[in-house]
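Number of protein chains: 2
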Amino acid sequence: MERPHSQNPKTAPPATHLRADAQANHDLLVEAARELFSTHGIDVPLSTIARRAGVSAATLYRRFPAREALVAEVFAEQLGECESLLERCQADEDPGRGLRRLLMTITDMQARSRGFSGALLARYPGAIDLDATRERADHDLRGLVRRAQDAGALRPDFDHTDVYLLLLAVDALAAQPPEIAQAAARRLVAYVLQAARPGRAAPLPPPAPLELAVLHQDQGR
Amino acid sequence: MERPHSQNPKTAPPATHLRADAQANHDLLVEAARELFSTHGIDVPLSTIARRAGVSAATLYRRFPAREALVAEVFAEQLGECESLLERCQADEDPGRGLRRLLMTITDMQARSRGFSGALLARYPGAIDLDATRERADHDLRGLVRRAQDAGALRPDFDHTDVYLLLLAVDALAAQPPEIAQAAARRLVAYVLQAARPGRAAPLPPPAPLELAVLHQDQGR
DNA sequence: CGATAAGTGGAAGAGGGTGTGCGTTTGCAG
DNA sequence: CTGCAAACGCACACCCTCTTCCACTTATCG
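Protein sequence lines, in the order shown, are assigned to chains A and B.
Residue 196 in the numbering used here sits at position 169 of the first sequence, with consecutive numbering throughout.
Residue 149 in the numbering used here sits at position 122 of the second sequence, with consecutive numbering throughout.
Below you can see the structure in the form of structure tokens.
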């Protein structure tokens with residue numbers, strides 16, 4: 028299928044020629060993991076995934092030494108979509124519309140697939156191919172926010188970390204059944220977006236220090 | 028201390044006269060649980076709580092047959108505060124201010140104590156003494172929302188389930204370190220409250236079907 | 001077709017959390 | 001002060017998840 032995606036550079040050279048049956052099992056595993064991550068979250072027991080795929084746990088471990096690797100492969104596509112989405116939104120001639128689209132689309136992805144938030148917020152650090160992509164995303168996001176503000180489409184005290192705040196919040200909603208999660212996410216995002224428009228609104232409390240690095244450690248004080 | 032609080036009616040009659048040492052251990056356990064629930068969430072291993080309290084796990088199980096019982100006792104006070112808070116806010120002559128106060132105060136409690144959300148959202152059903160209190164709270168909340176709308180302090184399409192939506196969202200923020208969690212909660216609530224004021228705002232997407240019953244089952248599709 | 005290396009599943013063990021039976025200690029009342 | 005029921009902790013059994021070992025199977029290439 029779409030195997031030759033963003034191959035990890037240091038494991039790519041060996042030109043991993045899997046045997047046909049191994050490749051099939053690999054695909055079954057990814058497929059099973061995709062379903063289970065979406066419905067039950069990113070923490071489903073690996074044995075459950077193996078059973079669903081119809082292979083033994085050992086096979087899963089042989090193919091994916093760490094859970095992280097499986098997560099990365101499962102969400103590689105969607106994570107890629109996110110990147111290109113950001114790129115497109117960031118390049119939108121109407122930055123206000125770009126930001127709205129970005130938020131609505133990403134939160135919708137979160138609500139659709141329960142595990143996606145985990146991968147996105149990088150509770151499993153290897154999922155996104157590390158800091159490079161994140162730094163760039165953060166940079167683009169800041170730029171988009173500033174441009175929206177300059178264009179008068181966004182209140183001046185909107186902070187780029189408010190986006191992370193929203194992603195975190197929507198993550199909680201994703202635990203609900205899909206229809207509820209989506210409705211809830213749409214509603215919450217709509218509230219925030221409406222309040223984020225410039226106008227004679229009262230000042231906001233200071234932004235939460237939700238910088239990039241903060242999100243990457245697992246929940247846990 | 029404040030032992031004779033909301034004693035469960037069906038265990039009260041025996042006039043549980045605990046031996047002095049047993050009572051002391053009981054208090055140590057509640058104290059330890061309170062701290063650990065606040066910092067590490069409601070799911071900390073019971074053995075950790077026992078160790079922190081300086082007693083054996085068996086003693087914990089003897090005193091609190093189910094985790095739920097411990098949660099109930101630990102958060103009884105704060106849950107009681109919530110009830111009286113709702114009562115006060117609901118009786119506020121300015122319903123808009125009442126609703127604002129209600130939301131700001133409860134979400135602040137969520138952000139301060141990580142486990143509180145769990146007890147409040149009743150992931151552990153016995154925590155709140157069952158449906159009676161909840162039904163009443165739901166009823167009062169609906170009334171408060173309607174009155175705020177009638178008073179012109181709240182947009183007509185605000186739905187009482189939006190409150191649950193917000194509680195759910197803030198729950199996720201509570202996993203962050205306390206200062207961040209509080210700042211984030213304040214910020215999110217401020218956004219929603221500002222957007223919730225009546226005005227020439229665009230219509231919202233339909234409310235999420237987050238009825239009472241929905242919140243009570245644990246997260247898990 | 002047959003040799004060989006890649007691939008597989010079952011079984012077993014390590015680790016952590018929950019829950020319990022039992023012999024011992026201890027508060028307290030007579 | 002003494003006896004006993006209450007309370008305690010140890011130690012263990014159970015379950016679940018992760019992880020690895022090893023003997024067996026099978027795809028593939030010559």
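From the three backbone atoms N, C-alpha and C, an ideal C-beta is built for every residue, glycine too.
It should be emphasised that the depicted structure is a prediction, and the values quoted were computed from it without experimental measurement.
DSSP three-state assignment for residue i, whether helix, strand or coil
i	result
residue 205 of chain A	helix
residue 151 of chain B	coil
residue 231 of chain B	coil
residue 76 of chain B	helix
residue 210 of chain B	helix
residue 30 of chain A	Here the model assigns residue 30 of chain A a pLDDT of 40, short of 50, so the residue's position is not dependable, and the following value carries that caveat. Residue 30 of chain A: coil per DSSP, three-state reduction.
residue 122 of chain B	helix
residue 41 of chain A	With a pLDDT of only 43 at residue 41 of chain A, under the threshold of 50, the placement of this residue in the model should not be trusted; the figure read from the coordinates follows. If DSSP states are grouped into helix, strand and coil, residue 41 of chain A belongs with coil.
residue 166 of chain A	helix
residue 182 of chain B	coil
residue 102 of chain B	helix
residue 140 of chain A	coil
residue 56 of chain A	helix
residue 71 of chain B	coil
residue 175 of chain A	helix
residue 96 of chain B	helix
residue 65 of chain B	helix
residue 238 of chain A	coil
residue 145 of chain A	helix
residue 83 of chain B	coil
residue 259 of chain A	No information on residue 259 of chain A is available, as it lies outside the stretch 28 to 248 that chain A covers here.
residue 90 of chain B	helix
residue 46 of chain A	coil
residue 224 of chain B	coil
Residue i burial status per 10 Å Cβ neighbour count (16 or more: buried)
i	result
residue 88 of chain B	exposed
residue 214 of chain B	buried
residue 45 of chain B	exposed
residue 100 of chain B	buried
residue 198 of chain B	buried
residue 179 of chain A	exposed
residue 159 of chain B	exposed
residue 233 of chain A	exposed
residue 208 of chain A	buried
residue 223 of chain B	buried
residue 170 of chain A	exposed
residue 256 of chain A	With chain A running from 28 to 248 in the structure shown, residue 256 of chain A is simply not present.
residue 115 of chain A	exposed
residue 201 of chain B	buried
residue 47 of chain B	exposed
residue 118 of chain B	exposed
Pick from the options that is closest to residue i, judged by C-alpha positions
i	options	result
residue 136 of chain A	A:212, A:239, A:96, A:227	A:212
residue 219 of chain B	B:107, B:174, B:190	B:190
residue 193 of chain A	B:133, B:217, B:85	B:217
residue 81 of chain A	A:178, A:49, A:171	A:49
residue 121 of chain A	A:223, A:175, A:148, A:103	A:175
residue 61 of chain B	B:106, B:179, B:76, B:239	B:76
residue 195 of chain A	A:160, A:221, A:237	A:237
residue 59 of chain A	A:158, A:97, A:118	A:97
residue 102 of chain B	B:204, B:222, B:233, B:140	B:140
residue 66 of chain B	B:210, B:239, B:221, B:203	B:203
residue 182 of chain B	A:221, A:188, A:144	A:221
residue 130 of chain A	A:83, A:184, A:205, A:109	A:109
residue 123 of chain B	B:107, B:148, B:172, B:112	B:172
residue 210 of chain B	B:105, B:52, B:138	B:138
residue 105 of chain B	B:56, B:127, B:146, B:85	B:146
residue 69 of chain B	B:56, B:51, B:150, B:119	B:150
residue 86 of chain B	B:53, B:239, B:148, B:206	B:53
residue 107 of chain A	A:125, A:83, A:133, A:94	A:133
residue 185 of chain A	A:94, A:161, A:235, A:47	A:235
residue 79 of chain A	A:92, A:56, A:90, A:93	A:56
residue 51 of chain B	B:206, B:142, B:94, B:90	B:90
residue 188 of chain A	A:92, A:148, A:74, A:177	A:148
Discussion item. Counting beta carbon pairs with one atom in the region 158 to 174 of chain A and one in the region 222 to 232 of chain A, are three or more of them shorter than 8 Å?
Written reply: No: the two stretches stay apart, fewer than three of their Cβ pairs being nearer than 8 Å.
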